[in-house]
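Some notes on the structure that comes next.
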Amino acid sequence: MAYYLGIDSSTQSMKGLVIDPAAGTIVQSAGVNFKADLPQFNCPDGVLANADPLVKHSDPLMWLAALDLLLARLQATGVDMAKIAAIGGDGQQHGSVYLNELFFPTLASLTPCSCPSLAEQFATTLARRTSPIWMDSSTSAECRELDAAFGARLQADTGSPAIERFTGPQVRKFAKTEPERYAQTARVHLVSSFLCSVLIGKDAPIDSGDGAGMNLLNLRTMAWDPQIAEFTAPGLAGKLPRVGGGVAGGLAPYFEKYNLRAGIPVAVWTGDNPASLVGTGAWSAGVAVVSLGTSDTFFAALDAFRTDPEGCGHVFGNPAGGFMSLACFKNGSLARDRVRREAGAEWSFFDVTAFEKTPPGNNGKLALPWFEAEITPPVLKPGLRANFDFAAAAPEVRIRAAVEAQALALRSHALWIGKFGAIRVTGGASKSPGIRQTLADVFQARVESIAVADSAALGGAMLAAHADGVPLAQMTQAFSPVSAVCEPRPANAAVYDKLLSAVRELEKSAF
Ligand code: XUL
Numbered sequence: 015m016a017y018y019l020g021i022d023s024s025t026q027s028m029k030g031l032v033i034d035p036a037a038g039t040i041v042q043s044a045g046v047n048f049k050a051d052l053p054q055f056n057c058p059d060g061v062l063a064n065a066d067p068l069v070k071h072s073d074p075l076m077w078l079a080a081l082d083l084l085l086a087r088l089q090a091t092g093v094d095m096a097k098i099a100a101i102g103g104d105g106q107q108h109g110s111v112y113l114n115e116l117f118f119p120t121l122a123s124l125t126p127c128s129c130p131s132l133a134e135q136f137a138t139t140l141a142r143r144t145s146p147i148w149m150d151s152s153t154s155a156e157c158r159e160l161d162a163a164f165g166a167r168l169q170a171d172t173g174s175p176a177i178e179r180f181t182g183p184q185v186r187k188f189a190k191t192e193p194e195r196y197a198q199t200a201r202v203h204l205v206s207s208f209l210c211s212v213l214i215g216k217d218a219p220i221d222s223g224d225g226a227g228m229n230l231l232n233l234r235t236m237a238w239d240p241q242i243a244e245f246t247a248p249g250l251a252g253k254l255p256r257v258g259g260g261v262a263g264g265l266a267p268y269f270e271k272y273n274l275r276a277g278i279p280v281a282v283w284t285g286d287n288p289a290s291l292v293g294t295g296a297w298s299a300g301v302a303v304v305s306l307g308t309s310d311t312f313f314a315a316l317d318a319f320r321t322d323p324e325g326c327g328h329v330f331g332n333p334a335g336g337f338m339s340l341a342c343f344k345n346g347s348l349a350r351d352r353v354r355r356e357a358g359a360e361w362s363f364f365d366v367t368a369f370e371k372t373p374p375g376n377n378g379k380l381a382l383p384w385f386e387a388e389i390t391p392p393v394l395k396p397g398l399r400a401n402f403d404f405a406a407a408a409p410e411v412r413i414r415a416a417v418e419a420q421a422l423a424l425r426s427h428a429l430w431i432g433k434f435g436a437i438r439v440t441g442g443a444s445k446s447p448g449i450r451q452t453l454a455d456v457f458q459a460r461v462e463s464i465a466v467a468d469s470a471a472l473g474g475a476m477l478a479a480h481a482d483g484v485p486l487a488q489m490t491q492a493f494s495p496v497s498a499v500c501e502p503r504p505a506n507a508a509v510y511d512k513l514l515s516a517v518r519e520l521e522k523s524a525f
């Protein structure tokens, strides 16, 4: 029986999932939490402290330490690592790693030994010590420059207008502010392609799922756009890896130390949302997904290439072929946790009791928990926005106000993607009954849960098996069946239709 390993390198943690497609079972999983397990990197929520609230960087060496620790933990579970026939994976999107000339020989010299850790081996390969990640909103000036140079073509060809967290504007800012370090940069990788490169001990490609989150990939030609790349930063096209899919290469001998077999195929990694599209079984058109994690996202496979007329949403490559749409909200799980904490509530109260004690619609009270600069819509000034006296309200009122405002914002900004009769939920907060019912009522759609919470890691494992010849449809049936359904209550439809304009008003009051 062949096993397949999927690795999800997300904002606050790294997870691994081993599947057995022939048996249709999940064999084992393991995880590394950056706060609890790697405190020495000072990235408790996956982000380094910075005086500027718009700047959000992480430590790329932490991701390497996490990879070593994850594989050691997986091996320690007793799972037969030698049975793993291929590896796939994904990373948080948009984040970039800047590597110098030493990167290539270091990759090539990854040998089997009880040698220094990955973090130690790659410490000298960084042309830039830190990596901007998707939470960074500090590149508005660069976005305006790209808009001025390319206008509507940027969205028409790359799937998105210039967006602060996208890799192109980040590279432009780096090249402008640190030209010497940019000159020393031989390769710019995404989190996904960086980790995939380390696994194969060679320079790995970027796939169209994650590559579309850069403002650099022309989705009509599926190649780096030479004009946009050169305008973004001089010589940038030469510093990017190739665009590709399928198998990236064979596993480097270094990983034999975890009893993995050197040479097994490693699939080209993708972004966490495209991987989740696969893991939730929504890779063919018709089902939408709401993923409630560090970011909240709404995504679905697209029937045809189509962009958001409001310029907030994105088009990425679908790892199963074609395209996917996505709307991303920065204030997701960390914001929910802060609302809960400040209301003095336990999770059980947040997930159930608060919704029993308040009516759907909350008598019109809404609160957008924008503790961080928001992405959708783009708002640089952080701070909670409420249409009532939030601080003076009872805990249950605050909780419903925030959860309903988040759900209404998801509905409002996903209108361009389409109307769906069923929405599949994933991510930590999708376990909350109150949140699931709110989504069902706000969208007036069946909310479907799937058994596996780590849909991105599962998607990575499925893509590994797919690269090894296992059909995706067979795995979707086995691994992503609907495990629970929350039906919409038609009586609440009118309440939320009315509140849709109220949440738009609240968003506008922020400008
Ligand atoms: C998507 C986005 C986030 C990250 C982190 O555009 O920025 O969802 O992928 O999960």
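Each residue of the sequence shown is one higher than the last, beginning at 15 in this note's numbering.
Ideal Cβ positions, reconstructed from N, Cα and C, are used throughout, including at glycine.
These figures come from a predicted structure and were not determined experimentally.
Beta-carbon proximity of residue i to residue j, cut-off 7 Å
{"i": "Tyr272", "j": "Leu75", "result": "no"}
{"i": "Tyr17", "j": "Ile98", "result": "yes"}
{"i": "Asp104", "j": "Ala315", "result": "no"}
{"i": "Leu486", "j": "Phe312", "result": "no"}
{"i": "Trp297", "j": "Ala341", "result": "no"}
{"i": "Ala90", "j": "Gly173", "result": "no"}
{"i": "Ala416", "j": "Val353", "result": "yes"}
{"i": "Asp468", "j": "Leu31", "result": "yes"}
{"i": "Gly285", "j": "Gln107", "result": "yes"}
{"i": "Lys253", "j": "Val212", "result": "no"}
{"i": "Gln198", "j": "Ala141", "result": "yes"}
{"i": "Ser145", "j": "Gly109", "result": "yes"}
{"i": "Ala471", "j": "Val261", "result": "no"}
{"i": "Arg1", "j": "Leu520", "result": "Because the chain is modelled from 15 through 525, residue 1 falls outside the range shown and cannot be assessed."}
{"i": "Ser43", "j": "Gly60", "result": "no"}
{"i": "Lys70", "j": "Met149", "result": "yes"}
{"i": "Ala349", "j": "Pro383", "result": "yes"}
{"i": "Gly448", "j": "Phe369", "result": "yes"}
{"i": "Val257", "j": "Gly473", "result": "no"}
{"i": "Met95", "j": "Leu274", "result": "yes"}
{"i": "Ala387", "j": "Ser151", "result": "yes"}
{"i": "Phe330", "j": "Gly432", "result": "no"}
{"i": "Val509", "j": "Pro374", "result": "yes"}
{"i": "Pro267", "j": "Pro126", "result": "yes"}
Top-ranked residue by Cα proximity to residue i, from the options
{"i": "Val280", "options": "Gly102, Gly173, Phe330", "result": "Gly102"}
{"i": "Lys395", "options": "Asp66, Asn56, Thr25", "result": "Asp66"}
{"i": "Glu134", "options": "Ala166, Lys190, Ala79", "result": "Ala79"}
{"i": "Gly378", "options": "Phe404, Pro447, Phe364, Leu254", "result": "Phe404"}
{"i": "Ser24", "options": "Arg414, Asp310, Ala318, Lys187", "result": "Asp310"}
{"i": "Leu52", "options": "Ile40, Gln42, Lys70, Gln26", "result": "Gln26"}
{"i": "Phe364", "options": "Arg438, Gly331, Ser444", "result": "Ser444"}
{"i": "Ala492", "options": "Arg412, Val509, Ile40, Pro374", "result": "Ile40"}
{"i": "Val185", "options": "Pro130, Ala243, Ala218", "result": "Ala243"}
{"i": "Phe269", "options": "Val517, Lys512, Leu81, Ile33", "result": "Leu81"}
{"i": "Ser305", "options": "Ser347, Ala498, Ile33, Ala96", "result": "Ser347"}
{"i": "Pro502", "options": "Phe457, Val466, Ala475, Ser463", "result": "Phe457"}
{"i": "Lys29", "options": "Ala63, Met15, Leu83, Pro58", "result": "Leu83"}
{"i": "Asn401", "options": "Asn376, His71, Gln42, Asp239", "result": "Asn376"}
{"i": "Val526", "options": "Arg167, Val303, Ala478, Arg275", "result": "The chain is shown from 15 up to 525; residue 526 falls before or after that span and cannot be answered."}
{"i": "Ala526", "options": "Gly397, Leu231, Phe434, Glu360", "result": "Examination of residue 526 is not possible in this model, given that the chain is present from 15 through 525 alone."}
{"i": "Ile147", "options": "Gly263, Leu68, Gln488", "result": "Leu68"}
{"i": "Phe385", "options": "Gly397, Leu209, Cys129, Glu356", "result": "Gly397"}
{"i": "Ala276", "options": "Ile214, Asp224, Thr308", "result": "Ile214"}
{"i": "Ala163", "options": "Phe245, Val517, Val393", "result": "Phe245"}
{"i": "Gly259", "options": "Pro495, Met236, Gly249", "result": "Met236"}
{"i": "Phe48", "options": "Ala507, Asp322, Leu250, Leu62", "result": "Leu62"}
Beta-carbon separation (whole angstroms), residue i vs residue j, contact threshold 8 Å
{"i": "Ala176", "j": "Cys157", "result": "4 Å"}
{"i": "Arg438", "j": "Thr294", "result": "5 Å"}
{"i": "Asn114", "j": "Thr139", "result": "6 Å"}
{"i": "Ser497", "j": "Ala475", "result": "No, Ser497 and Ala475 are not in contact; Cβ-Cβ is about 18 Å, not under 8 Å."}
{"i": "Glu410", "j": "Thr367", "result": "7 Å"}
{"i": "Met338", "j": "Asn332", "result": "4 Å"}
{"i": "Leu230", "j": "Asp239", "result": "6 Å"}
{"i": "Leu13", "j": "Trp77", "result": "Nothing can be reported for residue 13: it is not among the residues displayed for the chain, which extend from 15 to 525."}
Which residues DSSP lists as bridging residue i, in chain order
{"i": "Cys342", "result": "Thr311"}
{"i": "Ala299", "result": "Beta-bridge pairing links Ala299 to no other residue."}
{"i": "Glu1", "result": "Since the displayed the chain opens at 15 and closes at 525, residue 1 lies outside it and no answer follows."}
{"i": "Gly260", "result": "In the DSSP output, where bridge partners are listed per residue, Gly260 has none listed."}
{"i": "Ser151", "result": "None; Ser151 has no bridge partner."}
{"i": "Gly102", "result": "Gly20"}
{"i": "Ser27", "result": "Asn47"}
{"i": "Asn232", "result": "Ala237"}
{"i": "Gln54", "result": "BP columns for Gln54 are empty, so no partner."}
{"i": "Pro279", "result": "Gly264"}
{"i": "Arg179", "result": "Partner(s): none; Arg179 has no beta bridge."}
Chain D within 7 Å of residue i, Cβ atoms only
{"i": "Gly60", "result": "Among the chains of the structure shown, chain D does not appear; only one protein chain is present."}
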